[in-house]
Amino acid sequence: MYQDVATHPHVNADLARRWGVASQILVPLLARDRLGGVMMATRSRPSSWSADEVALADALAGYAAISIENARLYEEARDSLLRLEQAQHSIVRSERLAAIGTVAASLAHEVRNPLNSINLQLVQLTRRVARCDETLRAGLSSLLETARREIARLDGLVEEFLSLASVDRVSLVPSDPDAVVRESLALMGPLARERGIEVREELEGAPRPIVIDGAKIKQVLVNLIRNAIEAMPGGGVLTVATQGAPGSFVIRVADTGVGIEPDLDVFDLFLTTKKSGTGLGLAIARRIVEAHGGTLSYESEPGKGTTFSIVLKS
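Quick note on numbering: numbering that gives the first Met the number 0 labels position 63 of the sequence shown as 62, and the sequence is numbered without any gaps.
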């Protein structure tokens, strides 16, 4: 309590004059032995403070300190609950993915055997058709090609289901992430250009190799690049960029396509906006990245495009 701040050695007289403070009471805001700040009551002229005024200031400071502490505890509790919910959701998602992977792998093996048999029969039939006259051969060849395409599509679906069983198994070795990106673009770039899409490669260059499973990360990138291509049916720009940061390495796949609606969880199992999609690709991609200790996220604006970001430990 300072009756006249101008005469007190611990008070900055210039500041007191600027703020119009001539007399003041300072009360610490203490709650649960934690100092939350200081409450100051002031007057514009020097004067004494009665015992009732001091008691009132002390009481108000106590209420304020408790309110501040309760607000802090509420924020901490809310943050802890949010982290718990996220961890629980991650565990449930992982267990669900593992369970589906086990069933899917068993089913996929059962489907692949007859598919292989059908494919072999088609090879034999193709050889026999080659010996037919030209008119019959032209008609049958078209049918055979359609059958081969459908078998290839089914085989791709089987492969996707099989990957569910091994999504968490990664072989980590020091690798050049930019080389993995270039390999992925070499696979998907021709398809993008064929569909009138400009491909931009913006690779900063990794300062040193990072520990990843190159084949798995390439699987993720091929999936993201394919999705980006399919999101631009009328053409556009596909940009694949890399950027090194302290402790991390970021790979971004951006398109100028249709974008993603804000209420969609594209990482949810079996959720897809494609007519022939399984809804597994992005769920598998995120699980692969998480198995590396990294994160896969995206930003999107409907009608303007989407950017997926893979953040890996370096």
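All C-beta atoms in this analysis are idealised placements derived from N, C-alpha and C, irrespective of residue type, glycine included.
Per the DSSP secondary-structure output, L29 pairs in a beta bridge with L34.
If one requires a minimum length of 3 residues, the beta strand (DSSP E) runs lying completely within the stretch 228-284 are 235-244, 247-254, in chain order. Pairing A76 with T255, the inter-Cα distance amounts to about 40 Å. The residue among I196, L263, A240, K217 with its C-alpha nearest the C-alpha of M231 is I196. In the displayed model, P173 falls within a strand according to three-state DSSP. In the structure shown, the three-state DSSP call for E74 is helix. Residue state for V310 is assigned as strand, using DSSP reduced to three classes. Boundaries cannot be given for R44, as no alpha helix (DSSP H) includes it and DSSP labels it neither H nor E. The stretch 237-244 makes no contact with the stretch 259-266; the number of CB pairs closer than 8 Å stays below 3. Assignment of G61 by DSSP, reduced to helix, strand and coil, places it in the helix class. With respect to the C-alpha of V110, the residue from C131, E144, E158 having the closest C-alpha is E158. With contacts defined as CB atoms closer than 8 Å, I250 and S299 fail to qualify as a contacting pair.
For D78 and S296, the gap between their C-alpha atoms comes out near 21 Å. Closest in C-alpha terms to D177, from the list V128, V10, A240, comes A240. Note on geometry: alpha-carbon atoms of L171 and E74 lie some 39 Å from one another. Assignment of beta-bridge partners to G19 by DSSP yields no partner. Between S140 and V122 a beta carbon distance of about 13 Å is seen, past the 8 Å cut, so the two are scored as non-contacting.
When C-alpha distances from T294 are compared across G304, K312, V221, G280, the shortest belongs to K312. In the three-state DSSP reduction, E109 falls in the helix class (H, G or I). Contact between F307 and V252 is confirmed by a C-beta separation of about 5 Å, below the 8 Å threshold. Just so you know, the alpha carbons of L124 and G155 end up roughly 23 Å apart. Under the DSSP assignment, E300 falls in the beta strand (DSSP E) whose first and last residues are 294-300. Between G213 and S183, the C-beta spacing is not below 8 Å. DSSP places R199 within a strand segment (E or B) once states are collapsed to three.
Under DSSP, the beta-bridge partners assigned to M39 are L25. Of the other Cβ atoms in all chains shown, fewer than 16 fall within 10 Å of the Cβ of T134; this residue is therefore exposed.
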